[in-house]
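Novice:
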Amino acid sequence: MVKKKNSRKYKVQALVHLTILIAIILLLNVISTFVYSRLDLTEDNRYTLGYSTKQMMQGLDDIVYIKVYLEGELPAGFRKLQESTRELLDELEVYSGGMVQYEFIDPLAGKDAKDKRYIMEQLQGQGLEPVDLEVAGDEQTIRKVIFPGAILTYRNRSVPVSLFENQMGMAPLQVLHNSEVGLEYQLANALRRVRNTWKPDVAFIHGHGELDTIHTADLRQELRNYYRVSDLNLTQYKVEKLQEYEVAIVAKPDTTFSEVDKFKIDQFIMNGGKVLWLIDRLKADLRSLGPDGTGLTNDYPLNITEDLLFGYGVRINPDLVQSMQAGFIPIVTGTSGGRPQTSLKKWVFYPLAGEDAPHPIVKNSNPVMLKFSNSLDTVKVENVEKTVLLSTSPNSRLVYNPVRINLQMVRENPNPALFNKGQIPVAILLEGNFTSVFRNRLAPQTLESGQYGDVREKSDTTAMIVVSDGDVASSQISPDGRQVLPLGYDRYTNQTFGNKTFILNCIDYLAGHSGLLALRTKEIRMRMLDQARVKENKVIWQVINTVLPLVFLILFGIIYNYVRKRKYS
Amino acid sequence: MIKKLIIPMLVLSCLAVLAFYFINKEETKERPDRQDFTIKDTAAVDRIFLADRMGNRITLTRQPDNRWMMNDQFLANQSYIDILLTTIRKMEVKNPVPLSYREVAIKELATTGTKVEIYKDDELFKTFYVGGNTQDELGTYMQIGGAKDPYVVHIPGFNGYLNTRFDANLRDWKTKEIVPLSPGNIASVSIEYPQQPEFSFILHATKEGEYHLANPSAGTEMSQTLPPPVARTYLGGLKNLQFEGYVPGVRNERADSLWNSVPIARIAVTSHNNQTRRMRVFPSATARDNPIYQDRMYLMFEESPREVTQVQQGTFSRLLKTYPELAGQK
């Protein structure tokens, strides 16, 4: 009787315990849908937001709404990009306290042909680039246009965000991987752009034959999203005027600078101003070649290289860089039906620079195309740190002034043995405390004249970037002369080089957006499978993945039964 | 046993409190249906109600023949209906209203917004409010009935705003068709010219396709059977005949005195089911002052509210024929 009563008691107790356990599990599940937490155990902290992003998220005072156009049927690579974007947005949502809201949509789903056309036009007008894809369906492969990007809206302003960074000459898998790595930078940069109410002042310096507004039109257009862009004729203003600006751009001057103008720039730097120097030391241009297609280089009558730049820590050499990795030019190779036939030929004077340097300015960027660039050397200057940003490919060489340029060269295959100079620096970042070039140089009478004002001899910590090519910031113009092509776009090869990104990154860095730019340096290694070993050991791994769990299950069953039998027999 | 249950029960209680807290907190968040403005299946929409804060109220009702009636009184302008249905089918949320503007947007929706009710199968399916446009005029503020937050709504691919499509102004929704009947459904057209009675006529059409033309003032002297092609050409010309617009600034009393003055013509169009639309044509007063309106005439319908509309002579001449013209005497 007692035994029976005990058995009933245990049954009730077990039932109550089971009910409580189920209730606890259910409640834990309910709570877990509201509480978001993530533990990043990856070696490269790939799931941890950068400091500047977290700060930006915590400083949000209004809703940031992100419409991501990555939805619908997508190939595996893009689905992964979609998933990474979703994870990142979840993270941003949490850090922003719900200020970041997002939605994934397929903009063309369920739309008729006319609407599709309008939507595509609108998205392209907003700045999103379409990508043509082949998606494997159940029965056939279909072509599909997607817009791998997003529109980010903050208050009444919207900006496009490209989530897919197409990089030239890179395997699709690597491009997608790099796009995933760059997601945080892209979104944070777009957020900065859309929230930017205060814009630092950037000045294009004029008065010494610098690039005109037409050739820099595309760059200016892009800069205006982040900066207030002005033109400043240095000769017309006093020393103090330049100091109103954050960054000065000296783009391809071709005449002499007066001493006063040099002094203005020098004092601008001494007062913490930043300068982007885009300097051609030699006059070399395809348009200036004679009728026989030949020409000789000349020195530009520049006087800033020897004293200013040399004093700050960089020497621009009177030579030209040739590289095996170079751009192309069209050359008439014959006639057909009375019409000249042209073909594209590699032109060693147009080196492609930027070999995966680790600095945030150039990290993960497309190569930059230079035209008749000079080599750069660094000069020992105290308290100034130098970083090479761009250098040519390892198969490069130098030719010295006066250089004979001959179009016939394109017909000959360059001899690799001659291109043995290794990587040649063509863009250098200088950071630190600079010493004024005018230190102990001005006579007391001159100083007293009031023309120069007070001379500051040592700068605060500041920075400048020297690029040994002025055309790096110059856009090509369409043949009819009416349209300015995007900076970096080469109309002969239809390729877009990284010139625009490079210049924008330089100015961002100089203007103090280095925190954001640092996101670009985030290094996430691809954990690729060794395809050869995969093929070799395919069967073994298939067996391990399918049979081993079953073996474990059977073993567990046997042991469990054995223990039960021993205990209760 | 109770002792053994204390800890599990405590854990359970704590979890229950936490879950209750989160569930309640979540309720304050926006529900997805509170931002779903799109109505995909507009073919099932059979009634739309629009009401603005100026007191305008319009009920648009789908008829069995797929035409729409306004306030069960007038035929609605079909092109406006098509635009409205397309709009509610295509419009989507563009973005939430910024927090900095939310209060203003909600106040504006409450004071000047238009209430829109969509009915399916005679049951209320969705209510939303339509407010003003965004500063860039590429979006319109809207809020679902009962929702906490307003949204900026747009049609993807369309660069413009949407609030004019939800206008509750009666005039806009009235059809501009002068003879809203198919030619085959017209039983008679009577046109009386008070100042030239010899031009007046009545055209009778039987359902069998026979036509009879008569001048009422001349009795049997001017009466004849009209060849069907002539009659059909005339009646066919009345299809899609539209007035140009309403004459602005004409008040009710002036409209009434105009109605009672001697018109150029009195017109009556009767359908086979005995519904008659009466109208009168007057010379245009604006034509005297403005040469642009010299080829215009006033047209008034005998219906309430009596309003003065404007027609172009060139277009209206399709209706304003004379007995001699139809009888082939001229």
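If you're matching them up, the sequences are chains S and L in order. Take any residue in the first sequence, note its place counting from 1, add 39, and you have its number in the working numbering. Take any residue in the second sequence, note its place counting from 1, add 104, and you have its number in the working numbering. Cβ coordinates follow ideal geometry from the N, Cα and C atoms, glycine included. If you're wondering where the values come from, they're calculated on a predicted model, not measured in any experiment.
#1: Below 8 Å, how does it come out for the region 423–431 of chain S and the region 443–456 of chain S: are there three or more Cβ pairs, yes or no?
#2: Would you mind sorting Lys303 (chain S) into buried or exposed? The rule is 16 or more other CB atoms within 10 Å of its CB.
#3: At 3 residues or longer, and completely inside the region 422–465 of chain S: list those beta strand (DSSP E) runs for me, N to C.
#4: Per DSSP, what kind of secondary structure is Lys198 (chain L) in: helix, strand or coil?
#5: How many Å lie between Ile257 (chain L) and Lys322 (chain S) at the Cα?
#6: Looking at the C-beta of Phe73 (chain S), does it have a partner C-beta in chain L at a distance below 8 Å?
#7: If we define contact as Cβ-Cβ less than 8 Å, is Thr244 (chain L) a contact residue for chain S?
#8: So, does the region 253–268 of chain S touch the region 228–244 of chain S, judging by three or more C-beta pairs under 8 Å?
#9: For the region 169–223 of chain L, which segments carrying the alpha helix (DSSP H) assignment without a break, of at least 4 residues, lie completely within its bounds, in sequence order?
#10: Between which two residues does the alpha helix (DSSP H) harbouring Gly116 (chain S) extend?
#11: Could you have a look at Val511 (chain S) and say whether DSSP puts it in helix, strand or coil?
#12: Let me know if Glu168 (chain S) comes out buried or exposed under the rule of 16 or more other beta-carbons within 10 Å of its beta-carbon.
#13: Does the region 324–342 of chain S come into contact with the region 275–287 of chain S, if we say contact requires no fewer than three beta-carbon pairs (one atom in each stretch) closer than 8 Å?
#14: Thinking C-alpha only, which one of L:Met404, L:Tyr125, L:Asn319 is nearest Pro428 (chain L)?
#15: Near Thr132 (chain L), what residues of its chain come up, given a Cβ to Cβ distance below 7 Å and the 5 sequence neighbours on each side ignored?
#16: Counting only Cβ-Cβ distances shorter than 8 Å, please list the residues of the region 114–129 of chain L near chain S, keeping chain order.
#17: Under 8 Å between C-beta atoms, does Gly261 (chain L) make it to chain S?
#18: For chain S, is any of its Cβ atoms less than 8 Å away from the one on Ser204 (chain L)?
#19: Go to Val278 (chain S), then tell me how far its alpha helix (DSSP H) extends in each direction, as first and last residue.
#20: Quick one: which unbroken alpha helix (DSSP H) runs of 4-plus residues sit fully inside the region 308–359 of chain L? Chain order, please.
#21: Do three or more CB pairs link the region 80–89 of chain S to the region 180–200 of chain S at distances below 8 Å?
#22: Please compile the residues from chain B whose C-beta is within a distance smaller than 7 Å of the C-beta of Asp240 (chain L).
#23: Would a C-beta distance cut-off of 8 Å place Leu347 (chain S) and Val476 (chain S) closer than the cut-off?
#24: Roughly how many angstroms separate the alpha carbons of Leu271 (chain S) and Pro464 (chain S), rounded to a whole number?
#25: Taking the alpha-carbon of His376 (chain L) as reference, which of L:Pro301, L:Gln417, L:Ile290 has the nearest alpha-carbon?
#26: Can you name the residues that DSSP bridges to Arg378 (chain S)?
#27: Between which two residues does the beta strand (DSSP E) harbouring Val523 (chain S) extend?
#28: With a threshold of 8 Å between beta-carbons, can Asn199 (chain L) be considered close to chain S, or not?
#29: Just checking, does the region 364–376 of chain S make contact with the region 508–523 of chain S on the three C-beta pairs under 8 Å criterion?
#30: Taking Asn600 (chain S) as part of the alpha helix (DSSP H), name the residues at either end of that continuous run.
#31: Is it right to say Pro330 (chain S) is buried, meaning 16 or more other beta carbons lie within 10 angstroms of its own, or is it exposed?
#32: Is DSSP giving Lys133 (chain L) helix, strand or coil here?
#33: On a CA-only basis, which of S:Val371, S:Gln165, S:Leu65, S:Val353 is nearest Ile190 (chain S)? Give me that one, please.
#34: Is DSSP giving Asp346 (chain S) helix, strand or coil here?
#35: Going by beta-carbon coordinates alone, are Lys224 (chain L) and Arg193 (chain L) separated by less than 8 Å?
#36: As a quick exercise: from L:Gly235, L:Thr163, L:Phe262, pick the residue whose alpha carbon is nearest that of Leu228 (chain L).
Specialist: The relevant details are as follows:
#1: Contact fails: fewer than three Cβ-Cβ distances are below 8 Å.
#2: That one is buried.
#3: Taking 3 residues as the shortest admissible run, the region 422–465 of chain S contains the following complete beta strand (DSSP E) segments, listed from N- to C-terminal end: 423–430, 435–439, 443–445.
#4: Looking at Lys198 (chain L) - three-state DSSP - the assignment turns out to be strand.
#5: At residue 257 (chain L) the sequence reads Val, which differs from the Ile that was named. Those two C-alpha atoms are separated by around 56 Å.
#6: At least one chain L Cβ lies under 8 Å of Phe73 (chain S).
#7: For Thr244 (chain L), not one C-beta of chain S is nearer than 8 Å to its own C-beta.
#8: Verdict: yes, contact present.
#9: Here the runs fully enclosed are 182–194, 203–216.
#10: It spans 115–134 - the alpha helix (DSSP H) in which Gly116 (chain S) sits, taken as one unbroken run.
#11: Of the three classes helix, strand and coil, the one that applies to Val511 (chain S) here is helix, per DSSP.
#12: Exposed: under 16 other Cβ atoms inside 10 Å.
#13: The region 324–342 of chain S and the region 275–287 of chain S do not touch, with fewer than 3 CB-CB distances between them shorter than 8 Å.
#14: Of the candidates L:Met404, L:Tyr125, L:Asn319, the one whose C-alpha sits nearest the C-alpha of Pro428 (chain L) is L:Asn319.
#15: Bear in mind that the predicted position of Thr132 (chain L) carries a pLDDT of just 46, short of 50, making it unreliable; the figure below should be weighed with that in mind. Excluding sequence neighbours, Thr132 (chain L) sits near nothing in its chain.
#16: Result list: Val115, Leu116, Leu119, Ala120, Leu122, Ala123, Phe126, Ile127, Lys129.
#17: It does: the Cβ of Gly261 (chain L) has a partner Cβ on chain S nearer than 8 Å.
#18: So yes, Ser204 (chain L) belongs to the interface.
#19: First-last of the alpha helix (DSSP H) with Val278 (chain S): 278–281.
#20: List check, alpha helix (DSSP H) in window: 332–340.
#21: The region 80–89 of chain S is not in contact with the region 180–200 of chain S.
#22: The question asks about chain B, but that chain is absent: this structure's protein chains are S and L.
#23: Result yes, Cβ atoms of Leu347 (chain S) and Val476 (chain S) sit closer than 8 Å.
#24: Distance between the alpha carbons of Leu271 (chain S) and Pro464 (chain S) is about 30 Å.
#25: Checked all of L:Pro301, L:Gln417, L:Ile290; the closest Cα to His376 (chain L) is L:Ile290.
#26: According to DSSP, which records beta bridges pairwise, Arg378 (chain S) is partnered with S:Ser375.
#27: Element bounds for Val523 (chain S): n/a, residue is neither H nor E.
#28: Answer yes: the Cβ-Cβ gap between Asn199 (chain L) and chain S drops below 8 Å somewhere.
#29: Flag = no, the region 364–376 of chain S and the region 508–523 of chain S do not touch.
#30: Asn600 (chain S) -> alpha helix (DSSP H) spans 577–607.
#31: By the 10 Å Cβ count, Pro330 (chain S) comes out exposed.
#32: Low per-residue confidence applies at Lys133 (chain L): pLDDT is 48, beneath 50, and the placement is therefore not dependable enough to give any value.
#33: Cα-wise, what sits closest to Ile190 (chain S) is S:Gln165.
#34: Asp346 (chain S): helix per DSSP, three-state reduction.
#35: Lys224 (chain L) is not a Cβ neighbour of Arg193 (chain L), given a cutoff of 8 Å.
#36: It is L:Thr163.
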